[in-house]
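Chemist:
4 protein chains.
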Amino acid sequence: MAKALKRPQIAPNEAARLFRETRQRTEDLAAPLAPEDTMLQSMEDASPAKWHLAHVTWFFEEFILKPQVSGYRSPDERFAFLFNSYYVQAGPRHARDRRGLVSRPGVDAVMAYRAHVNAALGDLLASDRTDPEVAALVELGCHHEMQHQELLVTDLLHGLSFNPLLPAYRDPEPVAVSSELPLRFERHDGGLCEIGHDGAGFAYDCEGPRHKVWLDPFEIANRPVSNRDWIAFIEDGGYTRPELWLMDGIARAGREGWETPLYWWKQDEVWWTYTLRGPQPVNLDAPVCHVSYYEAEAFARWAGARLPTEAEWEVALGDRPIEGNFLDDGALRPLPDGGPWGDVWEWTQSPFTPYPGFRPPEGALGEYNGKFMVSQFVLRGGSCATPRAQMRPSYRTFFYPHQRWQMLGLRLARDA
Amino acid sequence: MAKALKRPQIAPNEAARLFRETRQRTEDLAAPLAPEDTMLQSMEDASPAKWHLAHVTWFFEEFILKPQVSGYRSPDERFAFLFNSYYVQAGPRHARDRRGLVSRPGVDAVMAYRAHVNAALGDLLASDRTDPEVAALVELGCHHEMQHQELLVTDLLHGLSFNPLLPAYRDPEPVAVSSELPLRFERHDGGLCEIGHDGAGFAYDCEGPRHKVWLDPFEIANRPVSNRDWIAFIEDGGYTRPELWLMDGIARAGREGWETPLYWWKQDEVWWTYTLRGPQPVNLDAPVCHVSYYEAEAFARWAGARLPTEAEWEVALGDRPIEGNFLDDGALRPLPDGGPWGDVWEWTQSPFTPYPGFRPPEGALGEYNGKFMVSQFVLRGGSCATPRAQMRPSYRTFFYPHQRWQMLGLRLARDA
Amino acid sequence: MAKALKRPQIAPNEAARLFRETRQRTEDLAAPLAPEDTMLQSMEDASPAKWHLAHVTWFFEEFILKPQVSGYRSPDERFAFLFNSYYVQAGPRHARDRRGLVSRPGVDAVMAYRAHVNAALGDLLASDRTDPEVAALVELGCHHEMQHQELLVTDLLHGLSFNPLLPAYRDPEPVAVSSELPLRFERHDGGLCEIGHDGAGFAYDCEGPRHKVWLDPFEIANRPVSNRDWIAFIEDGGYTRPELWLMDGIARAGREGWETPLYWWKQDEVWWTYTLRGPQPVNLDAPVCHVSYYEAEAFARWAGARLPTEAEWEVALGDRPIEGNFLDDGALRPLPDGGPWGDVWEWTQSPFTPYPGFRPPEGALGEYNGKFMVSQFVLRGGSCATPRAQMRPSYRTFFYPHQRWQMLGLRLARDA
Amino acid sequence: MAKALKRPQIAPNEAARLFRETRQRTEDLAAPLAPEDTMLQSMEDASPAKWHLAHVTWFFEEFILKPQVSGYRSPDERFAFLFNSYYVQAGPRHARDRRGLVSRPGVDAVMAYRAHVNAALGDLLASDRTDPEVAALVELGCHHEMQHQELLVTDLLHGLSFNPLLPAYRDPEPVAVSSELPLRFERHDGGLCEIGHDGAGFAYDCEGPRHKVWLDPFEIANRPVSNRDWIAFIEDGGYTRPELWLMDGIARAGREGWETPLYWWKQDEVWWTYTLRGPQPVNLDAPVCHVSYYEAEAFARWAGARLPTEAEWEVALGDRPIEGNFLDDGALRPLPDGGPWGDVWEWTQSPFTPYPGFRPPEGALGEYNGKFMVSQFVLRGGSCATPRAQMRPSYRTFFYPHQRWQMLGLRLARDA
């Protein structure tokens with residue numbers, strides 16, 4: 000069994016509750032979708048909603064039901080090929096960029112697959128003899144499914160954005176009045192600090208081991224960069240001044256014609272953005288969203304600041320209460336707030352690399368994070384598409400520096 | 000009004016009947032499809048079934064209802080943008096390679112759009128004052144829809160072929176026993192001949208004017224090339240002998256890894272092929288299908304023959320009764336037969352160029368064929384995906400020499 | 000021996016004279032080049048001058064010296080790999096797009112290779128026992144080398160055009176004063192005509208057999224389209240009006256940003272063009288040059304005309320005296336003139352297809368023309384980069400419809 | 000003046016000596032090249048030797064002569080456009096991927112340009128009034144030129160490698176007999192360490208500021224990974240076992256067909272490699288070379304180890320005497336040795352990111368390193384293509400994880 004999972008174990012009944020809640024949340028997210036919507040795959044990085052619904056189910060089947068439940072039968076053995084994502088050690092799999100070409104099984108059959116696995120796993124968790132290891136795997140599977148909940152809605156937003164009708168996933172709703180929160184930097188002394196997960200409660204392998212880092216004194220902003228800030232950057236020519244940019248960044252921006260964050264346009268002198276609630280005027284006080292690392296890094300230089308490292312972020316903000324605008328809150332877009340949690344993921348300047356002493360678990364689950372540790376950057380804090388239950392101080396997500404389709408923003412830092 | 004349409008006119012009541020039959024056939028073709036199936040777009044050349052259902056409807060709306068019916072209202076004005084294909088003069092349109100990213104309107108809404116247009120057009124055709132020109136346009140729209148019926152099923156086959164489950168569009172059915180029809184060449188004297196449409200009955204602009212061509216004596220085969228013939232070509236190394244191929248052809252074959260016709264594979268020493276009725280063993284006596292011009296041309300060279308010109312084809316075979324395995328027959332794949340009509344389109348060696356004196360009609364409908372007259376080759380005879388009502392001796396279809404996803408085969412010819 | 004070569008034979012002493020003249024012309028063309036210039040390869044379609052110098056030499060070695068001269072030794076056996084172009088049956092060869100990465104042998108070694116082959120072939124032709132077949136092959140090799148003379152200078156122009164300094168291959172020289180030649184159409188009755196080479200004197204295989212074609216009455220212009228005409232097309236929005244263009248053409252024009260012929264730009268309200276004699280103001284009365292088939296075809300539609308077929312061109316103009324501005328004249332760019340020969344190749348609307356009864360010779364030399372008979376268009380008349388000795392009424396050159404780097408222009412035609 | 004340059008200054012006469020030596024070394028490197036060789040550009044990452052010769056000269060002209068010498072005249076003002084590399088703030092520049100298409104100025108003219116700048120700079124440094132800042136800039140220019148000396152020979156190797164004749168830049172020479180050096184790990188205690196340049200003597204901006212890092216105890220190998228080691232990896236299926244690789248790495252390896260280090264092939268059961276001295280049998284005891292980060296990282300995992308961080312490397316090996324096989328030694332390929340300096344650059348697991356407190360200088364020279372700080376990895380130790388004078392303990396070079404054309408190897412580390 001995976002070393003990463005040898006932690007203080009979750010109680011079987013708690014695992015069962017988490018399982019029910021997590022599965023239900025996914026189905027609630029899928030409820031407003033027509034069968035046609037569940038087919039959308041707009042790029043290789045994004046997957047159809049139908050695939051997400053099935054893949055997270057396969058994960059429970061592959062890593063728990065098949066090895067643990069003798070006599071378990073999948074509704075269709077071929078689903079293992081269709082719905083494995085990237086676990087080489089779990090066998091061959093369908094091409095990632097062709098997930099949108101699988102019309103059958105249809106969404107109804109996928110929902111039946113979910114029900115089948117829910118029932119089998121419910122039985123397993125209800126029995127007296129539930130292995131603590133099984134409970135730990137169920138917990139992992141639930142966290143895995145939560146990650147895909149976030150992807151499901153952000154991939155959907157990307158897929159729908161290619162529809163000239165700009166349909167809304169959820170009804171528009173009025174935006175509450177807000178006011179500008181002035182930017183302020185808060186000082187931290189640094190020194191020899193510790194970051195990373197200490198082993199209590201669930202975490203992914205890549206969040207540990209907890210380890211020492213030396214930090215010089217630094218300052219970090221009291222809030223994320225806002226849309227208002229970003230418009231000032233645009234109006235100051237930020238997208239066309241090479242001296243502000245990394246060379247790879249300005250090349251990408253030029254090649255793809257970036258002049259604003261993703262999903263923005265100007266109409267009658269007003270900035271608009273496309274959201275899961277349809278087109279909306281840009282909320283000036285909300286955190287800027289859908290900006291790449293390249294853009295975030297250039298903005299920070301323009302602002303005379305820099306991005307924080309992930310250690311700075313965790314040391315400065317990791318002990319704040321985990322409250323904010325999460326997926327559970329249903330806003331589905333960033334709102335004015337200021338807190339480190341929710342709304343938008345915040346780019347750090349830290350490449351996603353292994354912590355000292357990191358060793359992934361043996362077997363297919365060891366592929367979960369380790370094989371991605373190159374060319375990506377860490378973001379912290381979660382977003383309006385993240386289930387609150389996912390978040391903890393040590394949580395690291397990671398994306399390539401050109402990616403923009405997730406709920407990605409930034410917070411400034413500087414040397415003290 | 001388009002000059003191409005100034006022909007002996009169709010009677011309004013006959014146009015109404017044709018309209019009802021054509022629209023119904025489309026809906027029959029769509030009946031077995033789940034909403035998810037109607038979303039499939041596997042390459043830019045192919046369109047989702049849902050798009051075909053809507054586009055042919057838009058054609059009637061754009062070219063008849065909007066100009067002819069005062070007060071006509073579209074269910075959604077934005078459909079004109081979504082469902083125009085390539086008619087520049089009919090206004091801007093959605094990107095062709097992103098048709099598969101339009102999940103809304105869903106297929107139900109598209110069927111309602113069809114019903115809306117059917118009703119409006121039914122009213123127009125039922126009225127006493129039906130303009131003969133309207134009837135002629137309805138006839139054109141029906142022929143246009145028939146072309147899209149063929150595309151709907153061939154695009155669907157292509158889309159489904161990327162599904163590792165290889166689903167069947169229609170249930171498999173047993174293949175009748177057949178026997179090999181020996182190849183024989185039939186001689187024609189040629190001389191100063193005439194080809195092209197003479198103006199009686201419906202035809203596309205590119206089928207005329209009827210004109211003289213000089214033909215040297217030639218011979219043409221009594222049947223298309225069969226799968227049995229093709230296997231001999233494969234086994235003789237046909238796909239890897241550059242001296243048999245056009246240079247562009249062998250380059251393409253290498254780049255795309257062609258070793259057989261599209262949709263073929265070998266399993267336990269038996270050749271199989273994927274069809275609209277699911278995977279089936281290759282029928283040795285049936286015409287080979289899903290071969291590109293490059294392959295057809297190389298095969299002919301290997302066989303010591305050549306492809307016929309379109310004039311040779313029309314002069315030699317154009318007056319045979321138009322009987323064969325068409326879309327209406329429901330076989331949905333080529334069957335042993337031998338006749339020039341149905342089963343598979345037959346590549347000719349003739350590039351798709353204007354006939355002498357050709358002039359396309361003014362306006363958007365002039366874009367129908369004329370702007371494609373470069374780099375494509377003419378095929379003759381119709382296929383098992385072609386509605387029988389489409390066919391006539393002068394009918395020219397055309398594809399690029401690398402394309403294979405249509406029902407494309409060949410018949411040999413040689414100098415006498 | 001190749002059937003295409005079984006023609007009234009050239010006398011050995013005449014072949015020897017032709018060989019000396021042709022070889023010398025190539026070396027004269029190379030004389031102004033620095034070693035660095037001979038390395039330029041700006042795209043796969045174009046080859047470095049050094050490669051041309053060597054390849055034409057290899058042709059004599061491969062097809063004459065090696066089979067005919069016992070004991071012949073190449074200076075380097077590996078040259079056969081480096082300098083074969085596309086003759087699959089003559090063995091493997093270096094990648095076409097990497098010819099510019101062969102710095103060794105240097106140009107001095109290539110010139111020594113030329114001298115070596117010149118000497119060996121001189122001996123062969125000087126001997127009493129010269130086989131008539133050898134003389135015929137020498138004639139073919141000389142015509143082959145003449146084709147590469149044209150490519151050498153046009154490839155060079157393309158290569159130099161990427162140098163921001165816009166260097167001149169030959170010194171600029173003043174352009175003679177000219178005046179506008181009014182456009183006039185000349186009528187031809189057509190009927191049952193004959194075209195193609197009749198077998199007297201040298202011709203490539205693809206120029207025959209001579210055969211009958213039926214032509215409807217037509218008219219053809221008295222001069223090529225001029226730069227003045229083309230500027231009117233530009234100023235009338237010709238490059239941005241889709242209704243004038245083939246669909247593939249407008250797509251290509253958009254993708255590559257075509258707004259003028261290749262090598263044009265506007266400076267202080269004057270049109271300039273880059274030539275082998277450096278930048279020059281566009282000569283309004285000279286034929287337009289460096290336009291693709293797509294542009295030529297769109298221009299013709301804009302002008303209410305069309306391109307001639309190659310049969311029309313040959314019937315109408317083929318018997319004019321072959322006089323004009325050829326490579327031998329040294330102008331190296333089109334000049335005002337009007338005649339059908341020289342200045343610019345003239346696009347016809349005829350795809351490059353085999354004439355009825357065409358059969359290429361057996362063996363590697365059969366690859367000379369036959370394997371290119373797809374997706375290209377025929378041009379007639381020769382250009383200012385063509386050696387005069389190449390030209391005859393039946394001469395067909397061919398290029399893809401998007402290509403522009405040769406000396407390509409057009410002449411209008413229309414139905415009578 | 001650039002903050003990065005405010006360091007203890009070099010004496011003007013020492014700068015003059017360094018300038019003469021550096022310029023001479025470049026010319027010695029170019030001496031064996033034919034003009035044709037100096038044109039080779041085999042990919043965008045590599046530049047022609049002629050361009051290197053000119054670009055380093057432009058650097059002195061642009062950053063010293065033009066601002067410091069009133070009345071200085073460039074031989075050609077257009078060279079600033081042709082020979083600027085990527086300094087946006089120094090003005091527009093020629094496209095990087097088209098440097099190989101500039102045949103003029105020829106190499107003779109470039110050597111004259113070098114002489115012109117040498118003379119002007121010699122005058123400036125000889126004068127009594129030499130500004131210390133000028134001397135510092137000359138020192139920077141010399142280090143810049145040394146970097147391009149390394150690129151000149153490695154780019155040349157890449158360019159020549161596309162020549163099927165596999166020419167040798169320098170004559171082959173016998174390889175000394177060697178014996179296998181057993182692999183041993185040496186332990187380091189880590190703790191709170193300091194790395195980075197302390198400001199004494201020349202360094203690039205990115206080497207500082209010197210700063211604290213915390214290191215856990217670790218072990219580092221006594222020698223680089225050898226070719227013998229690498230062959231064991233190949234023979235153990237290392238290139239085809241996804242569980243050993245980063246996902247981006249295995250994808251790249253598959254796409255580009257990597258099965259060995261760059262420039263390797265097997266012939267009669269013996270491994271060969273292409274070097275600047277022509278094809279040679281792989282020296283089993285020499286460090287493996289021309290491997291990407293992806294390959295190095297997979298190898299380390301296969302070996303049960305990992306790559307060191309750059310801090311570990313500097314702490315463990317930075318104080319060893321800087322002796323080894325450098326460019327000055329003329330071997331031009333790695334030799335058995337074991338020391339940390341010379342032979343091959345050693346990949347670390349550290350992304351190239353700014354050290355805490357890093358701030359690039361103002362102006363164009365601030366573009367030197369800072370704008371590359373994304374998606375690249377640091378290597379340490381220098382190679383057989385690095386001039387010895389370049390090296391110091393804090394030196395960081397950096398490449399993308401897929402790049403292989405430099406002299407790139409690795410040394411193993413592991414947790415203690």
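Those protein sequence lines, which keep their order, are chains A, B, C and D.
Start counting the first sequence at 0; every next residue gets the next number (numbering that gives the first Met the number 0).
Start counting the second sequence at 0; every next residue gets the next number (numbering that gives the first Met the number 0).
Start counting the third sequence at 0; every next residue gets the next number (numbering that gives the first Met the number 0).
Start counting the fourth sequence at 0; every next residue gets the next number (numbering that gives the first Met the number 0).
No residue lacks a Cβ here, since even glycine has one placed at the ideal position from N, Cα and C.
Note that this is a predicted model, so its numbers are computed, not measured.
Chain A beta carbons: is any one of them nearer than 9 Å to that of residue 110 of chain B?
Modeler: Under the Cβ criterion of 9 Å, residue 110 of chain B is not counted among the residues facing chain A.
Chemist: Against chain A, with Cβ distances strictly below 9 Å, would residue 61 of chain D count as a contact?
Modeler: no
Chemist: Restricting to Cα atoms, I'd like to know which of C/358, C/263, C/341 is closest to residue 283 of chain C.
Modeler: C/263
Chemist: State the CB to CB distance for the pair residue 364 of chain A and residue 62 of chain A, rounded to an integer number of angstroms; the pair is presumed to be in contact (CB under 8 Å).
Modeler: Correct: roughly 7 Å between the Cβ atoms.
Chemist: Given a threshold of 16 other Cβ atoms within 10 Å of its Cβ, counted over all protein chains shown, does residue 1 of chain B qualify as buried or as exposed?
Modeler: Low confidence applies to residue 1 of chain B: its pLDDT is 39, below 50, so where it sits in the model is not reliable, and the reading given next is rough at best. When all chains shown are included, residue 1 of chain B counts as buried.
Chemist: Indicate the three-state DSSP secondary structure (helix, strand or coil) for residue 383 of chain D in the structure shown.
Modeler: coil
Chemist: Of all Cβ atoms in chain D, is any one closer than 9 Å to the Cβ of residue 81 of chain C?
Modeler: yes
Chemist: For a test of the three-state rule: what should DSSP assign to residue 131 of chain B, helix, strand or coil?
Modeler: helix
Chemist: Using a Cβ cut-off of 8 Å, which residues of the segment 151-167 of chain C contact any Cβ in chain D, in chain order?
Modeler: Residues are counted here when their Cβ sits less than 8 Å from a Cβ of chain D; for the segment 151-167 of chain C these are 158, 159, 161, 162, 163, 164, 166, given in chain order.
Chemist: For a test of the three-state rule: what should DSSP assign to residue 295 of chain C, helix, strand or coil?
Modeler: helix
Chemist: Taking the alpha helix (DSSP H) that residue 106 of chain B falls in, what are its first and last residues?
Modeler: Taken as a continuous stretch (DSSP letters only), the alpha helix (DSSP H) holding residue 106 of chain B covers 106-125.
Chemist: Using only the alpha-carbon positions, how far apart do residue 243 of chain C and residue 237 of chain C sit?
Modeler: 7 Å
Chemist: Just reading off the alpha helix (DSSP H) that residue 57 of chain B is part of, what are its end residues?
Modeler: 48-59
Chemist: Got a sec, what are the start and stop residues for the alpha helix (DSSP H) residue 13 of chain B sits in?
Modeler: Residues 11-29.
Chemist: Out of D/320, D/341, D/321, which one is the CA nearest neighbour of residue 329 of chain D?
Modeler: D/341
Chemist: Less than 9 Å between the C-beta atoms of residue 157 of chain A and residue 48 of chain A, yes or no?
Modeler: no
Chemist: Is residue 318 of chain C close to chain B? Criterion is C-beta to C-beta, closer than 9 Å.
Modeler: no
Chemist: In whole angstroms, what separates the C-alpha of residue 295 of chain D from that of residue 353 of chain A?
Modeler: 16 Å
Chemist: Quick check on DSSP: helix, strand or coil for residue 0 of chain B?
Modeler: Here the model assigns residue 0 of chain B a pLDDT of 33, short of 50, so the residue's position is not dependable, and the following value carries that caveat. Coil at residue 0 of chain B, not helix or strand.
Chemist: Going along chain E, which residues have a C-beta under 8 Å from residue 34 of chain B?
Modeler: The question asks about chain E, but that chain is absent: this structure's protein chains are A, B, C and D.
Chemist: Go ahead and pull the three-state DSSP assignment for residue 238 of chain D.
Modeler: helix
Chemist: Can you confirm whether the segment 216-232 of chain C touches the segment 308-317 of chain C when touching is taken to mean that 3 or more C-beta pairs between the two stretches lie within less than 8 Å?
Modeler: yes
Chemist: So, do the segment 11-28 of chain B and the segment 127-138 of chain B have three or more beta carbon pairs nearer to each other than 8 Å?
Modeler: yes
Chemist: So, with DSSP's three-state summary, where would you put residue 282 of chain D?
Modeler: Residue 282 of chain D: coil per DSSP, three-state reduction.
Chemist: Evaluate contact between the segment 106-117 of chain D and the segment 386-395 of chain D, counting only Cβ atoms and requiring at least three cross-stretch pairs below 8 Å.
Modeler: These segments do not touch.
Chemist: Going by the beta-carbon positions, is the gap between residue 261 of chain B and residue 404 of chain B smaller than 9 Å?
Modeler: yes
Chemist: Just to confirm before moving on: does the CB-CB distance between residue 205 of chain C and residue 368 of chain C stay below 9 Å?
Modeler: yes
Chemist: So residue 213 of chain D is in the beta strand (DSSP E); what residue range does that whole segment cover?
Modeler: 210-214
Chemist: In terms of alpha-carbon separation, which member of B/396, B/223, B/125, B/310 lies closest to residue 187 of chain B?
Modeler: B/310
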